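From first to last, the protein sequence lines stand for chains Z and R.
Under the working numbering, residue 627 is the last one in the first sequence; the count climbs by one each step, no gaps.
Under the working numbering, residue 1493 is the last one in the second sequence; the count climbs by one each step, no gaps.
Ideal Cβ placement from N, Cα and C applies to all residues, glycine included.
Quantities reported herein were computed from a predicted structural model and do not represent experimental measurements.
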Amino acid sequence: MNQLLLACQILPLTALLSIMLSDGSEKKITRISYWFSHAMGISIFALLALWALSGFPRHEYHWFTLYEQDGFSFPILFYLDKVSAAYLFCVWTIFAVIIKYCRVYLHRETGYKRFFQTIFGFVFGLNLIVLSGDIDLLFAGWEIVGISSFLLIAFYRHRPQPVRNALRAYTIYRFCDVGLLLGAWMSHLLFHDSSHFSTLHALFENQAILQDNYSGIFMLSWLIILAASGKSAQFPFSFWLPRAMEGPTPSSAIFYGALSIHLGVFLLLRTQPIWSSEFLPRLVVFGIGLLTVIVASLSEKTQSNIKGQLAYASIVQVGFMFMELSMGLESLVLLHFMGNAFLRCYQLLVSPSIVTHLLRLEGAVDGDFTIVNAERMHFLPSTIRDTLPEVLQNTLYVFALQEGNLERLVKTLLWDPLKRLGAKVKVQGYIQNPWLLGGIAVLLLFALSGFDFAKGVLAFLVSVAMVLASLSAFAQKHSPVKVWNTVALSSFLAGIAVWLMSSAYWTDIMLFLSGIIPAWLLGWWVLEKMLEHENFVASPFVFRAMAETRPRLALLLFLSFLGLVGFPITPAFLGEDLLLTHASDQHPWFALPITITFVMNGVAAARVFLRLCMGRPTEISYVDESK
Amino acid sequence: MTSHTSRYDHSTTQSSGFNLDASIDYVARWLPIQGPIKDFVHHNILHAFQHLRFHEALSVAGKLFGARSYLPMDDYQMLYRQGRIKDFALDWALNQTGCNAEQQQALRAILFLQDKHSHYPPISLANHGLRNAWLTHLEIDLNAMVHPIIFRLLSSFLDQGISRWILPKNGERFWDSVLRLAQNSLLPLYPFNEPAVAGLLNDSPDEIISSCLQKIVGAETHYQQYLLEILLAHPGWSGMVRVIEQNPQSLLVKRLISIKELLAVELLCELAIVSKRKPGGFPAIAELPSLQGIPLLNEKLLQPNVPLKFRVWHDAMEWSLYSELLVAMKNPSQDEGERQTGVGQSPIAQALFCIDDRECSIRRNLEEVNPGIETFGAAGFFGIDFFYKGLDDAYPVAQCPVVITPKHLVLESLDESQEEKKSGMLEFSKMHYTAHSMFRGWLYTQTLGLGYAFRMAWDVFRPTAKLPGVRTLSEVSDAHTHLHLLRENDEPNADGHLLGFSLSEMADRIGGLLRNIGLTENFSPLVMVVAHGSSSVNNPHFAAYDCGACSGKPGAPNARAFAWMANHDGVRAILRERGIDIPAATRFVSAMHNTSRDEMSYFDEHELLEPPVRELQVFKQSMEIALERNARERCRWFELAPQSESGKDAHQHVKSRSSSIFEPRPEYDHSNNLYCVVGRRAITRSLFMDRRSFLHSYDAATDPGGEILAKIMSAIFPVCGGINLQYMFSRLDNSVYGSGTKLPHNVIGLLGVANGVEGDLRTGLTQQMIEVHEPARLLIVIEQAPEIIDMTLSRLGELRDWAENEWVRMVACLPDSREMFLYSVKGWEKIEFPADLQAPAAEQSENIFPGRDKTIPVHRLSGRHQ
C-alpha cells in the first residue's frame, strides 16, 4: 500500500520529466502519456482495492523527514482516508478521459508537448494535495496546482487576453495562498508536531486544547477558509473562474469544471476538525456558501456565453457544498463533489455543440429555449417583470450583469491601495537619504553591542523596508531588472530581519537564501541578456514573446522566477516556512509583513515573466518603399 | 448582403468640418461582414478592397489591419526546391511585373536570398495608430478595461438564446437599453456613473460622440481615424454590429443597434475610465508631443505598395499550380473515347451533384466504379431558391446563394399516415444542455452527476458507436415527410413569402437548371439529384461545412424539391412546350451525400409511382463502393487515420470522426479548393484532380450569346470565389483574417465564437480548417470561346471586379482545339507552356494517392476508356 501511495506521486512526475526530455513528437508524447496514465490507473485502483480490503482504514505513511531541527520538522507524510479515496478516484477517471480526449483534440496544435507537460504537472500537484498527510506537503501541492493552472490559462500566449487572465487567476491564488502559508505556521504553533491530518480528529476530541488556544484556532480557521474560497472561486473571489476559461476546452474542463475548483472543498474537508470546532467559523463557511450561491446564480442568468454560464453554474454548486460542509454533511459533500465534477466536465467538453443543440433541436420541442416564444426574449422573465418596480428590475439586472461587482470590490480593497502605496516608494531615494542611513548605522552599533531593544527596533525597521521594497517592485512598470532586483532585495531584508531577531537561526536563513540567491542571479543574468537589444522603456507594455524567440532564456527565466518566489523546487520553499515559523514564534507581528511580501513578490515577478516571455512574435517590417 | 458602395469617396477625409454619419459609413466598410454563426456564408474577407487589383488590395489591407499578406519567404523557396514552383512559372511571373529584362534579372536574384522577416505585417493603423500612441503615452491598458464592459453589454443585448435573462425590452434600441440601466438603477452601471461622463448621458449619441472626441482626440482632422481605430480594436464585434444594423434579418430575434450607438457607449466608457485613472487631467491626442511615424488615415496609407518579390513568388506558385491542370486538359485526342459514352448511347443513370470541390472526387470514383453513370455538376441549390422550414427547425432558412433573396417559403410536413410522435419534453439525455444553476442543479448534480462519468467515458472511448444525438444532429430528414411545394393560392404570408411554387415557376427553375448544365436530351431512366451536407458534433462552425450554394445549409430540401418538381406531370408538360422533353419513363430521385461520413441517404423513394428499381439498385451499389473509395482517398490527409488498403477501415474511420466529440476536424472541408471548371464533363472526366476542383456542367454549343454562362458565373464568382478567398486569407494570416485555433473557442450568444469569456468575436476560418490549404487564387477554366465570355462579363455588372481585378484567374478553353487563353483587363492572352511539360499519368485513382500527404498534381487517368 505504501509503495502504491508513492507510485501515485512518482508516476506523474516521471511522466512530466519524460515528456520534457522527449523530442516533442506527437507519437512519443502520446505513448508516454498513455502509458503513465494507465500505470497510474492501475496503481490507484490497486491502492483503493487494498485499502477497501483492509476495511477502509485511516492510513498514514511517513516516508522520510526532509528536514528536522529543534522542534521543527518537515516530514514527507501521506494519508489516505475516504475523502482522499473519493478525490483520488475522480482525479484519475477525469484525467484518463482528458488524456485520451486530448490525444486527438490537440492533434497538430502548437504546444502539444507543453500541454501534456503541464497537465501531468497538474495531476502531480493534485495527487500530492489529495494524499498529503499534513498541511506543509499540502501547501507544496497547492503551489504546483497553482502554477500549472497559471500556465494553462496562458496556454495561448500569443494573445494578450489569456496572459492577462492568467495573471488575474495567479494573483488571486497567490493572495489566498497566504491562508495556507500562515495556516501551516499556525498549525505548527498550535499543535506542534501533531499537526498531521490523521491526528486532528483525536486532537480535537480533547477539549483542553480548544480552551487553551481559542484565538489561535479561530485565526487558523479564518486562514483556511480564505485559502479554500480563493481556490474554489467562492465569495468574493468568484470572478476569476469564468475568465480563466482561456486554454483549450479540455483543460478548462479538467481544471475549472472538474478538479481544481473542488480543491477548496477538499481543504475544508481535510481540516474540518479545526474549523468546525467552533460555531463562528462554521457560520462563516455557511455564509460564504450562501453569498456565493446568491451572487453566482444571479450572475449565471446574464452570462451570454456558454463557458461563463457553466463556470457560474459550477460555482453555485460549490457554494452549496460549502453550506453542506458547514452543516457537517461530509458524505453528502463527497457525493455532490463527484456528481458536479463529472457533470461540469462533460458539459464543458460538449459546450461547442450548444449552437447545433439550440438551433436544430430545441426549436422543435417545448424546451427552455424558444426563439419562437417572443415573450421570453425580452428583458427579465415575466415573474420578475410583473412583481418588481422598474428601478429594482434594472438594479437586479445590473447586479447580475456586473457579477455582483466582486471584481471591482476586490480590486479597490486589495490591489489599488497597494499599488498606490507602491508607486510612492522610491527605493533609491531612501538609500540615498543620509538621515535614514545614519539612523540605521547608529542602531546597528547598538545592536551589535548587544542591546536587545535596538535589535528589536532594527528588525522592525528592516521588515518595514522589506514590505516597502516589495510594494515598489509591485508598482514598478518600466524596468524588469529593477523589479527583479527589488524582489530579491526584499527577500534579503526578510533574512536580515530574522537574523536580527535571533542570530541563532542563521542556518535557516542560509537555507532560505541558498534558494533565493542563485535564482536571483540567474534571473538577473537572463534579463540582461534578453534586454540587451531591446528598448524596453520605449514600449513597456508590449508583450515580447521571448518564449518563442528565445526559448532557452525564457525557460531559465521561468525557473528562476519559480525559485525567487519560493516555489517548491528550491530550498527557499522550506526556508520560507522556517523563517516564518522561527521569527513569528518570537514576534508574531512578523507574520504579517512577511506574508505581504510573499504575495507581492510573487505577483511582481510573475508580471516580469509574462511581459517578457508571452505574446506574439511580430517584427515590424517596412515594405520596401522603392519597389 | 451589405449594400455599401464599393468605391471610395474621399470627401469625408477633408478637414472641412466633421460629418459623423459620413465618417461612420466611410470607416465601417472595412469591418468584417461575417454574420451570426448559424449561417456561414463564405465570402471575400477583403470585400472592401475588391475595386483594387488583388495584390494592391493585399498591401492596403495589410497596412490597415496589420496582417500578413503572403507566406513566409522560406515557404516559397521550399516549394521551389520541391519542384512545386517551376522555373517557367517564375519567368512568367517576372514577366507579369512589367519590369524590363535587367530589372527582372535583379529581382530574380533577390528572390533566393534568405529572408525571415519581410512577410511580417507592416506598420498598421490597427496596431500602431493614434489611439495606441496615446494609450502608450498615458500608460493605460484601456482595451483591457473597456472591452469587457462593452462586449458584455453587446453580447447580452444581441444574445439569441444562451443567457437566461435578456437585456433589451421589446423594440428597445441598444442605446436606450444602456441608458435605462445607467440612469434607472440603484446600483451604478460602471463606468457610466463616473463624474466625467454622468452629465453627458442625457445628450444624444451624436452629441456624446462629438464631446468625447473633443476631449480625447482634440483635433477634428483625426476624428475619423480615431473612430476607425476604436472599431478595429475589436473588429469582430464592430463587424457584427454593422451586419445587424444593415440587415436585421440576419438575427432570429430582431435587435436594433447601430455603429453609432456602439461608438457612443464605447467613447463614454473610454472617457470615464481615462478620467478616473488620470484625475489630474490628460492630454488629448492632438496635444501629444510627437505624432511622427504614426500612420494616418489618408491618401498615402491607402496607396498600395506591393512588395514585388512576394508578388512574383506568389504568382509563380499560382502559375505552377494552374499549369498542372491546364497541361492535363490540353490534349483533346485522348478524350475522344470519353465522348462516345456521353453521346452515343444513353447512360444507365445520370446524377446531378453540387459544384462543390468535395464532390469532385466522389464523381470520379462513381464513374470509375460504373462507367455507365454520367455525372453533372451544378450549384447545389439546383436553381431552386426558397426559404425552408423543416419539421424540426425553429425558423425558416434561405436555401440559396447569399446573392439571391428568395420569395418562396417551403414547409416540411409529416405524411398523413404518420402519427405525431414529438414529445413535449426535452429528451432526458439532453439535460446537460441546461446549466440549471441552483436548486434544480443541486438536485441533478447530486443524483445524476455520477452518471456522466460513464457518459463521458463512453463518448471518449467508443466514438464509433453511434452517439445519442447523431441522428438528430445529422441533416437527414425523416423519410416520412413531404415538402409542401405546390402553391395553392397567391396570398403571401406575414413575412411576404409565397407558400410554394406555381407549376410554371417550377418549370422555369427545372428548365433553367437543365439548360445550364446542358442536359436537355438523352435522359436516362434514372436521374439522381444529389445534394450534400456534412455532419459533425461539437462543432460551432458546422454551417461552414455544409453546402456553400445553400448559404451554409445542407442541400437536401433543394434536391427533394427538384426531384418532386421534375417528376410532376404538369411541370413536364410545360417543359415539353419549351423544348425539353423528359421521357415518361425517366424518374428523378433525390439523395444527399454526407461529405464527412461518406454516406448517402435517399429521399422520397416511396413517392415515386413506378420506381426504376433496377437502375436505382445499380446506382446504390456503385455508390456504396465509390463512397468507400472516397473515404480512403480522404484518409490520406488524416494523420491519425488508418492508411491501409481497405476501404472498410477508412470508411469506419471517417464515420467515427464525424461523431467524435473530441475531433476538431470532422473533415477538411474545402481545404484543397483551387480550380473551377465550367464545361462538359468530357474535358475533366479522365483527370485525377485530387478533390481540388469545383465542377459546373456547361455545354458551350447551346449558349452562343453567353446568357447561360452569365447565370452560372453569377453564382460561381461569389460562391466559389468567396470560398477560395476566405480560405486563402484565413491561411495567410490566421490570427487577423482567420479565427485561430478552435480549441479555446467559446460560443457567444449564438452569434459567433470568441476566445475565452471576454474576447472579441472571431471571424474567418479556424486553424483546423485551413492548415493544409495552399493559398492560391481560384483558377476558373471555362470551356467557351473568349468572345462569348466577354459578352457574358458585360452582363455581370459589379461581379466583373472578380475577374478584372484578378481576385480569381480566368482561362478560356476552346471547345474543340483546346487552345487556352488567360483573361486580364488588357485582353485574352494565349497560354503557352514549355513543350516538355506533361501531366503525369496513372491507370486509376487508387494508384495515385496511397502514401502521399501533400496535394497531388493533376494526373491523367489512362484506365478510363472502358
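Practice problem: Closer than 7 Å by beta-carbon distance: list the chain R residues that pair up with residue 346 of chain Z, in chain order. | Solution: Your numbering for residue 346 of chain Z matches position 346 in the first sequence. Chain R residues near residue 346 of chain Z: 1059, 1079, 1082, 1083.
Quiz item: Comparing the C-beta of residue 41 of chain Z with each C-beta of chain R, is any distance below 8 Å?
Solution: For this step, residue 41 of chain Z is matched to residue 41 along the first sequence. Judged by the 8 Å Cβ criterion, residue 41 of chain Z is not in contact with chain R.
Practice problem: Taking 8 Å as the cut-off, decide whether the C-beta atoms of residue 668 of chain Z and residue 308 of chain Z are in contact. | Solution: Residue 668 of chain Z lies beyond the stretch modelled for chain Z, which goes from 1 to 627, so this question has no answer here.
Quiz item: Can you name the residues of chain R whose CB is closer than 9 Å to the CB of residue 265 of chain Z?
Solution: Your numbering for residue 265 of chain Z matches position 265 in the first sequence. Within 9 Å Cβ-Cβ: nothing; residue 265 of chain Z doesn't reach chain R, min ~13 Å.
Quiz prompt | Helix, strand or coil at residue 178 of chain Z according to DSSP, with G and I counted as helix | solution = Numbered from 1 along the first sequence, position 178 holds the residue referred to as residue 178 of chain Z. Helix at residue 178 of chain Z.
Self-check item: When R:744, R:830, R:991 are compared against residue 1253 of chain R, the one with the closest alpha-carbon
Solution: On the second sequence, residue 1253 of chain R is found 626 positions in, with the first residue counted as 1. That would be R:991, whose Cα lies nearest to the Cα of residue 1253 of chain R.
Self-check item: Under 9 Å from the C-beta of residue 921 of chain R: neighbouring residues of chain Z
Solution: What you label residue 921 of chain R is simply residue 294 of the second sequence in a count that begins at 1. The premise fails here: residue 921 of chain R is roughly 13 Å from chain Z at the closest Cβ pair, so nothing lies under 9 Å.
Practice problem: Drop a sphere of 10 angstroms on the beta-carbon of residue 967 of chain R, count the other beta-carbons inside from all chains shown, and report buried for 16 or more, exposed for fewer. | Solution: Counting from 1 along the second sequence, the entry for residue 967 of chain R is found at position 340. Note that residue 967 of chain R scores a pLDDT of 45, beneath 50, so its modelled location is shaky and nothing firm can be said.
Quiz item: Looking at C-alpha atoms only, which residue of Z:20, Z:24, Z:36 is the closest neighbour of residue 10 of chain Z?
Solution: The residue labelled residue 10 of chain Z in the question sits at position 10 within the first sequence. Comparing Cα-Cα distances from residue 10 of chain Z to each of Z:20, Z:24, Z:36, the minimum goes to Z:36.
Exercise. Just the C-alpha distance for residue 257 of chain Z and residue 171 of chain Z, rounded to the nearest angstrom, thanks.
Key: In the first sequence, residue 257 of chain Z corresponds to position 257, counting from 1. In the first sequence, residue 171 of chain Z corresponds to position 171, counting from 1. Those two C-alpha atoms are separated by around 20 Å.
Quiz prompt | Minimum Cβ-Cβ distance from residue 400 of chain Z to chain R less than 8 Å | solution = Here residue 400 of chain Z refers to the residue found at position 400 when the first sequence is read from its first residue. Answer yes: the Cβ-Cβ gap between residue 400 of chain Z and chain R drops below 8 Å somewhere.
Exercise. Starting from the N-terminal side, write out each stretch of the beta strand (DSSP E) that is 3 residues or longer and does not extend beyond the segment 1352-1400 of chain R.
Key: 1372-1375, 1379-1382
Quiz item: When you check each C-beta in the segment 223-253 of chain Z against every C-beta of chain R, which residues fall closer than 7 Å?
Solution: 242, 243, 245, 246, 247, 248, 249
Self-check item: Interface flag, residue 350 of chain Z vs chain R, CB-CB below 8 Å
Solution: As a working note, residue 350 of chain Z is residue 350 in the first sequence. At least one chain R Cβ lies under 8 Å of residue 350 of chain Z.
Quiz item: Straight-line CA distance for residue 598 of chain Z to residue 218 of chain Z?
Solution: Here residue 598 of chain Z refers to the residue found at position 598 of the first sequence. Here residue 218 of chain Z refers to the residue found at position 218 of the first sequence. The straight-line gap from Cα to Cα measures roughly 23 Å.
Practice problem: Flag this pair as touching only if the segment 473-480 of chain Z and the segment 510-519 of chain Z have three or more C-beta atom pairs under 8 Å; answer yes or no. | Solution: no
Practice problem: Using a Cβ-Cβ cut-off of 8 Å, state whether residue 1152 of chain R counts as contacting chain Z. | Solution: One-based indexing of the second sequence puts residue 1152 of chain R at position 525. No, because no Cβ of chain Z sits closer than 8 Å to the Cβ of residue 1152 of chain R.
Quiz item: On the three-state DSSP scale, how would you describe residue 1016 of chain R?
Solution: Here the question's residue 1016 of chain R lines up with position 389 in the second sequence. If DSSP states are grouped into helix, strand and coil, residue 1016 of chain R belongs with the strands.
Quiz item: Name the DSSP beta bridge partners of residue 1457 of chain R, please?
Solution: Counted from its first residue, the second sequence places residue 1457 of chain R at position 830. Per DSSP, R:1448.
Quiz item: Between residue 775 of chain R and residue 802 of chain R, is the Cβ-Cβ spacing less than 8 Å?
Solution: Start at 1 with the first residue of the second sequence, and residue 775 of chain R comes out as number 148. Start at 1 with the first residue of the second sequence, and residue 802 of chain R comes out as number 175. Cβ atoms of residue 775 of chain R and residue 802 of chain R: not closer than 8 Å.
Quiz prompt | Simplified DSSP state of residue 1282 of chain R, which is helix, strand or coil | solution = Position 655 of the second sequence, counting from 1, holds the residue named residue 1282 of chain R. In this structure, residue 1282 of chain R counts as helix in the three-state DSSP scheme.
Quiz item: If you compare alpha carbons, which of Z:492, Z:295, Z:502, Z:154 is closest to residue 616 of chain Z?
Solution: Numbered from its first residue, the first sequence carries residue 616 of chain Z at position 616. Residue Z:154 is the option with its Cα nearest to residue 616 of chain Z.
Quiz item: Taking the Cβ atom as the reference point for each residue, do residue 1155 of chain R and residue 1216 of chain R lie within a distance shorter than 8 Å?
Solution: As a first step, residue 1155 of chain R must be located in the second sequence, where it is residue number 528. As a first step, residue 1216 of chain R must be located in the second sequence, where it is residue number 589. Against a cut-off of 8 Å, the Cβ pair of residue 1216 of chain R and residue 1155 of chain R comes out as a contact.
Quiz item: Tell me which same chain residues have a C-beta within less than 7 Å of the C-beta of residue 622 of chain Z, skipping the five on either side of it?
Solution: Locating residue 622 of chain Z in the first sequence gives position 622, counting from the first residue. Residue placement at residue 622 of chain Z is flagged as unreliable, the pLDDT there being 35, under the threshold of 50; a coordinate-derived value is accordingly withheld.
Quiz item: Could one say the Cβ of residue 271 of chain Z lies closer than 8 Å to chain R's Cβ atoms, at least one of them?
Solution: The residue you call residue 271 of chain Z lines up with position 271 of the first sequence. No, its Cβ sits nowhere closer than 8 Å to a Cβ of chain R.
Quiz item: When the cut-off is 8 Å and only beta carbons count, does residue 1364 of chain R lie next to chain Z?
Solution: Looking up residue 1364 of chain R in the second sequence gives position 737. With 8 Å as the cut-off, residue 1364 of chain R does not count as an interface residue toward chain Z.
Exercise. With a cut-off of 8 Å on the beta carbons, I'd call residue 354 of chain Z and residue 789 of chain R a contact; round off their distance for me.
Key: Translated into positions along the first sequence, residue 354 of chain Z becomes position 354. Translated into positions along the second sequence, residue 789 of chain R becomes position 162. With a Cβ gap of about 7 Å, residue 354 of chain Z and residue 789 of chain R count as contacting.
Quiz item: At a Cβ threshold of 8 Å, is residue 338 of chain Z touching chain R?
Solution: Within the first sequence, the letter at position 338 stands for residue 338 of chain Z. Yes, because at least one Cβ of chain R sits closer than 8 Å to the Cβ of residue 338 of chain Z.
Quiz item: Shortest alpha-carbon distance to residue 1119 of chain R belongs to which of R:1036, R:822, R:672?
Solution: On the second sequence, residue 1119 of chain R is found 492 positions in, with the first residue counted as 1. Ranking R:1036, R:822, R:672 by Cα distance to residue 1119 of chain R puts R:1036 first.
Quiz item: Are there 16 or more other CB atoms within 10 angstroms of the CB of residue 1185 of chain R, so buried, or fewer, so exposed?
Solution: Mapped onto the second sequence, residue 1185 of chain R falls at position 558. The residue is buried, with at least 16 neighbouring Cβ atoms inside 10 Å.
Quiz prompt | From R:1353, R:1444, R:1488, R:1318, residue whose alpha carbon lies closest to that of residue 659 of chain R | solution = On the second sequence, residue 659 of chain R is found 32 positions in, with the first residue counted as 1. That would be R:1353, whose Cα lies nearest to the Cα of residue 659 of chain R.
Quiz item: If you follow the beta strand (DSSP E) that residue 1227 of chain R is part of, which residue opens it and which one closes it?
Solution: Your numbering for residue 1227 of chain R matches position 600 in the second sequence. 1226-1230 is the extent of the beta strand (DSSP E) around residue 1227 of chain R.
Quiz item: Going along chain Z in order, which residues have a C-beta closer than 7 Å to the C-beta of residue 668 of chain R?
Solution: The sequence position of residue 668 of chain R within the second sequence is 41, counting from 1. What residue 668 of chain R touches in chain Z: nothing, since even the nearest Cβ is about 16 Å away.
Quiz item: Name the DSSP beta bridge partners of residue 707 of chain R, please?
Solution: What you label residue 707 of chain R is simply residue 80 of the second sequence in a count that begins at 1. DSSP output for residue 707 of chain R lists no bridge partner at all.
Self-check item: residue 1214 of chain R in three-state terms, based on DSSP
Solution: Locating residue 1214 of chain R in the second sequence gives position 587, counting from the first residue. In the structure shown, residue 1214 of chain R sits in a strand (DSSP, three-state: E or B).
Quiz item: Can you find a C-beta in chain Z that's less than 8 Å from the C-beta of residue 905 of chain R?
Solution: Locating residue 905 of chain R in the second sequence gives position 278, counting from the first residue. Cβ-Cβ to chain Z under 8 Å: no for residue 905 of chain R.
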